[in-house]
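*Asks:*
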Amino acid sequence: MRTRWCGELGIGDVGEAVELCGWVARRREHSAHLAFVDLRDRTGIVQCVVDGAADLRAEYVVRVTGTVTARPEGTVNPSLATGQVEVSGCAVEILNEAEPPPFSLEEWSEADEAIRLRYRFVDMRRERLQKNLVMRSTINAAIRASMFAQGFTEVETPLLWTPTPEGAREFAVPSRLQQGSFYVLPQSPQIAKQLLMVAGVDRYYQIARCLRDEDLRADRQFEFTQLDIEASFVGVEDVLGFVEEAVLDAVEAVTGARPEVPVRMTWREALERFGTDKPDLRYGMELTDLAEVLAGTGFNAFKAEAVRAICVPGAADSSRSKLDGLVERAKSLGAAGLVWMRVVAPAGDDTATEPRAKVADLESPVAKFLSDDERNGIVAACGAKPGDLLLVVAGEHDRACRVLGQLRVDLGRPPVAEGGLRFVWVTEFPLFDGLDEEGNPMAAHHPFTMPHADDLDLLGKDPLSVRSLAYDLVLNGWELGSGSIRIHRADIQSQVFATLGISEEEAEERFGFLTGAFRYGAPPHGGFAVGLDRLTALLAGEENIREVIAFPKTQSGADPMTGAPKPLADRSLRELGIGILPPKR
RNA sequence: GGACCUGUGGUGCAGCCUGGAGUGCACGCCGGCCUGUCAAGCCGGAGGUCGCGGGUUCAAAUCCCGUCAGGUCCGCCA
């Protein structure tokens, strides 16, 4: 039906007779006998010169036959990739008519999210989504090539899996043949891939769909895609190497340049410096420890386990209401309070106004409670300059760090498309993360994560301080993925289960098929999973992973195009043995 | 479960704070004109349950309450 793509035509094609197919993107009608039709296919747009276009409308599907010609002098369009040429002497065959699109398909035009999703098939005609879907495909292809080259075997695992309470909420699938029983959709192929290690597959990967029934966010959909990896007879460094190779290959395939290898950082260091386990290295504003400067302070609010600060460059002119807003934000994040300090010209500086000079070089509600040495020390420790704003949080150590880490993101994070690609390996995550209602430690990663060899004897004594062989890959402040070395020895697994407060019977019931399999010769193994929606979004410069997914859901989990989720017909419910309870109220 | 923002012809907005006739802008749509435009231009026209429900008021797009939808975030996401 066609001989060429619209977007690939250039000056080198002049003189060629072409047949093109696509959609009418725009139409500029000059008279009954001269019109310009911009024809669009997946590769781009080219201008066609037509003898009259009165019967054409936007988004009509057409086949154009004509000759590629150089545009007349002065009519070249530099903003169009094909702008040096046009297709002239065109005959236009209408393959299908179209109603006017529900929203403008011009790239500069924005439409409401609900309408975009309702007419996703129209939205996807735009360059933005076309480009993102192609990029996603490029990434997938590069990853498959990389994993295959590294000797990995792609294995598919079931979507109809078994409930494994613990972790994310699962989507349930009723069984028709065994009424009252359910499959669940896998929140990840975690257990399946460990079984593949017992099976001797040795090096497994899969571009796997994962499903979690948790609330949606800009970087979270119900269903998402991971590069899932597991390998036997490996240590942490091996796993990081496999992942690094695949991810950097994928980035290189998209950008044409191999990025810097990820920076290494322990979880502890990330928390101390950035107040988060997913540090964004594209900008500064790192946390400053004020403990030393304030060691002997008389100000009660600063007599705390930790006193930390961030410096916001040039923000000293923030309005009082903005500062009040920051205080509220800090409180909502769990801080007891937030102290702000405007750094102004130092005392004695001729440019300082009289009232400011009286409080030395800090303008703050608490300045009067601080000694001159403390004020100077704070400014020096933070490396602050006049015009900067300091934000100080005092309190329990981890919480103070996290609050400031979030404020740092709120105030400093650049747009997603700026600042390059800064990969970070965050290593030595704690094995446990807080206590549940019954006072038992909760697994930070999952219950099969190997404790750090040096911390094994702490399991019984001080579980919360036990480090693990778990690690995250972070890119520009987004958690791209996580993984760990798994426990393959029954004695250590029992110890961890015991620490988690999981009895042997309970472990047997929940994970018996895994621990049972482990008795038949489980190799040491470990793995990782990389979120490909997030990776693609970051490479595409998108703030929301919806933009790299063909058919995403809204934040309330709906699909405006299909109307899903919908009630099931009574007949279907009966067949599944399911009754619907009256709505809660 | 919670907080905040948004909802006005097909689309994107302004109007709302400070109530007074659905008023306005841009795009699109329909008709006409126009032989080198390119987000074409010019002229004319059509198109509205101001998300929905209730309340206050002589009077509500505007104020109040509720609700629905979309978005961002907290909780949640081993």
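With positions in the first sequence counted from 1, the corresponding number in my numbering is that position plus 6. C-beta atoms are modelled at their ideal positions from N, C-alpha and C, and glycine is treated no differently.
1) What would DSSP say about T359, mapped onto helix, strand or coil?
2) Which ranges does the beta strand (DSSP E) cover as unbroken runs of at least 3 residues, wholly within the segment 64-144, from first to last along the chain?
3) Can you tell me whether DSSP reads V267 as helix, strand or coil?
4) Along the chain, where does the alpha helix (DSSP H) that runs through R599 open and close?
5) Taking the alpha-carbon positions, what's the A631 to G547 distance?
6) Would DSSP call V365 helix, strand or coil?
7) Less than 9 Å between the C-beta atoms of A41 and A59, yes or no?
8) Can you tell me the Cβ-Cβ gap for L395 and V313, rounded? I've got them flagged as a contact below 8 Å.
9) So, do the segment 553-563 and the segment 197-214 have three or more beta carbon pairs nearer to each other than 8 Å?
10) Under a three-way DSSP split, which group does D61 fall into?
11) Ignore the nearest five residues each way along the sequence and tell me which others in Q156's own chain have a CB closer than 8 Å to its CB.
12) Tell me, please, whether the segment 117-132 touches the segment 562-569 by the rule of three or more beta-carbon pairs shorter than 8 Å.
13) Roughly how many whole angstroms lie between the Cα atoms of D255 and P78?
14) How should N306 be labelled, buried or exposed, when 16 other C-beta atoms within 10 angstroms of its C-beta is the threshold for buried?
15) For S194, which of helix, strand or coil comes out of DSSP?
16) Which word fits E92, buried or exposed, when buried means at least 16 other C-beta atoms lie within 10 angstroms of its C-beta?
17) Using three-state DSSP, classify I586 as helix, strand or coil.
18) Decide if W273 is buried, meaning its Cβ has at least 16 other Cβ atoms within 10 Å, or exposed.
19) For D404, which residues in the same chain have their Cβ closer than 7 Å to its Cβ, ignoring the five residues on either side in sequence?
20) Please return the same chain residues whose Cβ sits closer than 7 Å to the Cβ of F308, not counting the five positions on each side in sequence.
21) For H39 and V55, what's the separation of their Cα atoms in angstroms?
22) Please report how far the alpha carbon of V345 lies from the alpha carbon of A336, in whole angstroms.
23) Can you name the residues that DSSP bridges to A342?
24) What's the C-alpha gap between E512 and S338?
25) So, with DSSP's three-state summary, where would you put D244?
26) Hey, how far is the Cα of A363 from the Cα of A351?
27) Could you give the first and the last residue of the continuous beta strand (DSSP E) run that contains I51?
28) Give a single yes or no on whether D461 has its beta carbon closer than 8 Å to a heavy atom of the ligand MG.
29) What is the C-beta distance between L545 and V260, in whole angstroms, given that I count them as a contact (C-beta under 8 Å)?
30) Apart from the five residues just before and just after G16, which ones in its own chain have a Cβ nearer than 7 Å to its Cβ?
31) Mapping the DSSP letters down to three states, classify S562 as helix, strand or coil.
32) Going by Cα to Cα distance, which pick from V68, D439, I498, E119 is closest to N102?
33) Can you give me the start and stop residues for the beta strand (DSSP E) that C27 sits inside?
34) Express the C-alpha separation of P421 and S115 in angstroms, rounding to a whole number.
35) Report the three-state DSSP secondary structure of A390 (helix, strand or coil).
36) Apart from the five residues on each side of it in sequence, which residues of its chain come closer than 6 Å, Cβ to Cβ, to L201?
*Replies:* Quick answer:
1) Within the first sequence, numbered from 1, the residue matching residue 359 stands at position 353. Note that T359 scores 49 on pLDDT, short of 50, meaning its location in the model is unreliable; the coordinates nonetheless yield the value given after this. DSSP places T359 in coil when its eight states are reduced to three.
2) 67-76, 91-102
3) As a working mapping, residue 267 is identified with position 261 in the first sequence. Residue state, collapsed to three classes: coil.
4) There is no way to answer for residue 599, as the model of the chain reaches only from 7 to 591.
5) This structure cannot settle anything about residue 631, because the visible part of the chain is limited to 7 through 591.
6) As a working note, residue 365 is residue 359 in the first sequence. Residue confidence is low: V365 scores 42 on pLDDT, short of 50, so the model does not pin down where it sits. Its coordinate-derived value is still stated next. Note: V365 maps to coil in three-state DSSP.
7) As a working mapping, residue 41 is identified with position 35 in the first sequence. As a working mapping, residue 59 is identified with position 53 in the first sequence. A contact, by the Cβ cut-off of 9 Å.
8) Numbered from 1 along the first sequence, position 389 holds the residue referred to as residue 395. Numbered from 1 along the first sequence, position 307 holds the residue referred to as residue 313. Not quite, the Cβ-Cβ distance comes to about 17 Å (not below 8 Å), so this is no contact.
9) no
10) Taking the first residue of the first sequence as position 1, residue 61 is located at position 55. Correct three-state label for D61: coil.
11) Counted from its first residue, the first sequence places residue 156 at position 150. Closer than 8 Å at the Cβ level, and outside the excluded window around Q156, lie R209, F248, E251, A252.
12) yes
13) In the first sequence, the residue the question calls residue 255 occupies position 249. In the first sequence, the residue the question calls residue 78 occupies position 72. Cα to Cα, D255 sits roughly 44 Å from P78.
14) Stepping through the first sequence from its first residue, residue 306 is reached at position 300. So N306 ends up on the exposed side.
15) On the first sequence, residue 194 is found 188 positions in, with the first residue counted as 1. DSSP places S194 in coil when its eight states are reduced to three.
16) Along the first sequence, one-based indexing puts residue 92 at 86. Label assigned to E92: buried.
17) Within the first sequence, residue 586 is the residue found at index 580, counting from 1. Coil at I586, not helix or strand.
18) The count along the first sequence starts at 1 and reaches residue 273 at position 267. Buried, since its Cβ has 16 or more Cβ neighbours within 10 Å.
19) Indexing the first sequence from 1 puts residue 404 at position 398. Answer for D404: L277, listed in chain order.
20) Here residue 308 refers to the residue found at position 302 when the first sequence is read from its first residue. Same-chain partners within the cutoff: L300, A400.
21) Counted from its first residue, the first sequence places residue 39 at position 33. Counted from its first residue, the first sequence places residue 55 at position 49. Roughly 10 Å between the two C-alpha positions.
22) As a working note, residue 345 is residue 339 in the first sequence. As a working note, residue 336 is residue 330 in the first sequence. If you take the alpha carbons of V345 and A336, they lie about 10 Å apart.
23) The count along the first sequence starts at 1 and reaches residue 342 at position 336. Partner(s): none; A342 has no beta bridge.
24) As a first step, residue 512 is located in the first sequence; it is residue number 506 there, counting from the start. As a first step, residue 338 is located in the first sequence; it is residue number 332 there, counting from the start. Their Cα atoms are separated by approximately 37 Å.
25) For the purposes of this step, residue 244 is identified with residue 238 of the first sequence, where counting begins at 1. Three-state DSSP puts D244 in a helix.
26) Locating residue 363 in the first sequence gives position 357, counting from the first residue. Locating residue 351 in the first sequence gives position 345, counting from the first residue. Because the pLDDT at A363 is just 40, under 50, the model does not fix this residue reliably, and the value given afterwards should be weighed accordingly. If I take the Cα positions, the gap works out to 8 Å.
27) What you label residue 51 is simply residue 45 of the first sequence in a count that begins at 1. Per DSSP, I51 belongs to the beta strand (DSSP E) from 50-56.
28) Absent from the structure shown: the ligand MG. Ligands present: none.
29) For the purposes of this step, residue 545 is taken as residue 539 along the first sequence, with counting starting at 1. For the purposes of this step, residue 260 is taken as residue 254 along the first sequence, with counting starting at 1. The pair is a contact, with the Cβ atoms about 5 Å apart (cut-off 8 Å).
30) In the first sequence, residue 16 corresponds to position 10, counting from 1. For G16, where only same-chain residues beyond five positions count, the Cβ hits under 7 Å are T88, Q90, V91.
31) Counting from 1 along the first sequence, the entry for residue 562 is found at position 556. S562 falls in the coil class under three-state DSSP.
32) For the purposes of this step, residue 102 is taken as the residue at position 96 of the first sequence. Put simply, of V68, D439, I498, E119 the residue whose alpha carbon is nearest the alpha carbon of N102 is V68.
33) Taking the first residue of the first sequence as 1, we reach residue 27 at position 21. Start and end: 23-37.
34) Position 109 of the first sequence, counted from the start, is the residue given in the question as residue 115. Position 415 of the first sequence, counted from the start, is the residue given in the question as residue 421. Taking the straight line joining both Cα atoms gives about 20 Å.
35) Translated into positions along the first sequence, residue 390 becomes position 384. Looking at A390 - three-state DSSP - the assignment turns out to be coil, as it is neither helix nor strand.
36) One-based indexing of the first sequence puts residue 201 at position 195. If we look at L201 and ignore the five residues flanking it on each side, its Cβ neighbours are A523.
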